[in-house]
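S.K.:
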Amino acid sequence: MLRRGSVVSATAGEAGNGGNVNINSKFIIAIPKEDSDIIANAFEGNGGRVQINTQGIFGTEFRSQETNQSDITASSKFGVSGIVTIESPDNSSIPNNLGKLPQKAIDTDALIANSCIARRNQQQNGSFFITGSGGLPLRPGDPSLPFYSTGDVQPIPTESTTLPTQTRPWQIGDRVIEPSGVYELPNGKLVLGKEC
Numbered sequence: 171m172l173r174r175g176s177v178v179s180a181t182a183g184e185a186g187n188g189g190n191v192n193i194n195s196k197f198i199i200a201i202p203k204e205d206s207d208i209i210a211n212a213f214e215g216n217g218g219r220v221q222i223n224t225q226g227i228f229g230t231e232f233r234s235q236e237t238n239q240s241d242i243t244a245s246s247k248f249g250v251s252g253i254v255t256i257e258s259p260d261n262s263s264i265p266n267n268l269g270k271l272p273q274k275a276i277d278t279d280a281l282i283a284n285s286c287i288a289r290r291n292q293q294q295n296g297s298f299f300i301t302g303s304g305g306l307p308l309r310p311g312d313p314s315l316p317f318y319s320t321g322d323v324q325p326i327p328t329e330s331t332t333l334p335t336q337t338r339p340w341q342i343g344d345r346v347i348e349p350s351g352v353y354e355l356p357n358g359k360l361v362l363g364k365e366c
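Residue numbers (our numbering): 171 to 366.
(1) For Gln-354, name the three-state secondary structure that DSSP assigns.
(2) Anyone know if the C-beta pair for Ala-200 and Ala-244 falls short of 7 angstroms?
(3) From Ser-179, Gln-239, Asn-216, pick the residue whose C-alpha is nearest to that of Val-250; which is it?
(4) Could you tell me the distance, in whole angstroms, from the CA atom of Phe-232 to the CA atom of Arg-309?
(5) Identify every residue that forms a DSSP beta bridge with Ile-193.
(6) Which value, in whole angstroms, describes the spacing of the CA atoms of Ser-234 and Lys-247?
(7) Tell me whether Glu-204 sits in a helix, a strand or coil according to DSSP, three-state version.
(8) According to DSSP, simplified to helix, strand and coil, what is Glu-184?
(9) Using CA coordinates, which residue listed in Ser-195, Phe-213, Leu-362 is at the minimum distance from Ile-256?
(10) Short check: CB of Gly-359 to CB of Ile-347, under 7 angstroms?
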């Protein structure tokens, strides 16, 4: 994957010849407008050799000179151009067919009407039951939804307010109900408790 101006290069300086680039890869993928190049170029000397063996090459192609696109080149400014050999199955039809859809869209009503689901229960009428106020969690892993309303959450008392007295305080042996999660009430407040 060639991205963000990456370069595979065997390029010579002033008088030297371009080097050799050999790539054996299952796929070569480049983003055309990101200017990622595979080059074996020279300035005064001869261009080098680029040999690519791949099952698919996408987003880049051979060009005689470098451009602002993703290129494969083996050129020379003043010498003889090099050789680019790309051994790959013909994938030219793939980019040209990606956006084309069939002219006639699929009739989904006909698919459902002819499915085994629709035919299996032809004699029966459907039914819908509401079994409670709960429901499925919004996302997998979320706690289950509360089954009953918990009422309003009481505010934390300040110095000027007093707590209502309980008729009987908790005693050893009384059942302890541990909280299992944080639940949001219909009014948006959060409650720490056991499935409210």
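We treat Cβ as the ideally placed atom computed from N, Cα and C, and that holds for glycine.
M.R.: With the given structure in hand:
(1) The amino acid occupying residue 354 in the given sequence is Glu; Gln does not appear at that position. Note: Glu-354 maps to strand in three-state DSSP.
(2) no
(3) Asn-216
(4) Pairing Phe-232 with Arg-309, the inter-Cα distance amounts to about 49 angstroms.
(5) Ile-222
(6) 11 angstroms
(7) helix
(8) coil
(9) Of the listed residues, the one whose Cα sits closest to Ile-256 is Ser-195.
(10) In the sequence under discussion, the amino acid at residue 359 is Lys, which differs from the Gly named in the question. In this structure, Ile-347 does not lie closer than 7 angstroms to Lys-359 by Cβ.
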